[in-house]
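Residue numbers (the numbering used here): 266 to 366.
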């Protein structure tokens with residue numbers, strides 16, 4: 266279930282195994298697609314794993330289901346290095362637009 270995968274993901278994250286933690290958070294999201302902690306964990310671990318491609322794909326989907334969370338995430342220090350890239354700036358702009366609507 267999602268809770269088990271979430272606990273496993275946290276353990277992997279604490280160990281610094283960010284790629285595997287991101288995959289475990291994804292398993293939690295498969296079981297509970299709107300689980301906020303799993304969404305945050307997946308985004309954070311993808312960013313820490315330097316997986317820009319998968320991070321972009323994940324945030325691109327998230328911006329339409331939870332634009333406020335997307336804005337919150339992009340405002341965190343973990344994500345600052347991605348914001349100079351035009352596609353991540355565009356995601357931030359889209360999140361602002363969606364959050365207003």
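We treat Cβ as the ideally placed atom computed from N, Cα and C, and that holds for glycine.
What residue range is occupied by the uninterrupted alpha helix (DSSP H) comprising residue i?
i: residue 358; result: 351-365
i: residue 267; result: 267-279
What number of angstroms, rounded off, separates the C-alpha of residue i from the C-alpha of residue j?
i: residue 287; j: residue 345; result: 19 Å
i: residue 334; j: residue 272; result: 21 Å
i: residue 291; j: residue 312; result: 14 Å
i: residue 324; j: residue 336; result: 10 Å
i: residue 270; j: residue 351; result: 33 Å
Applying the criterion that 16 or more other CB atoms from any shown protein chain within 10 Å of the CB defines a buried residue, is residue i buried or exposed?
i: residue 276; result: exposed
i: residue 318; result: exposed
i: residue 306; result: buried
i: residue 342; result: exposed
i: residue 347; result: buried
i: residue 328; result: buried
i: residue 304; result: buried
Task: beta strand (DSSP E) segments (min. 3 residues) lying fully within the region 283-337 - done: none
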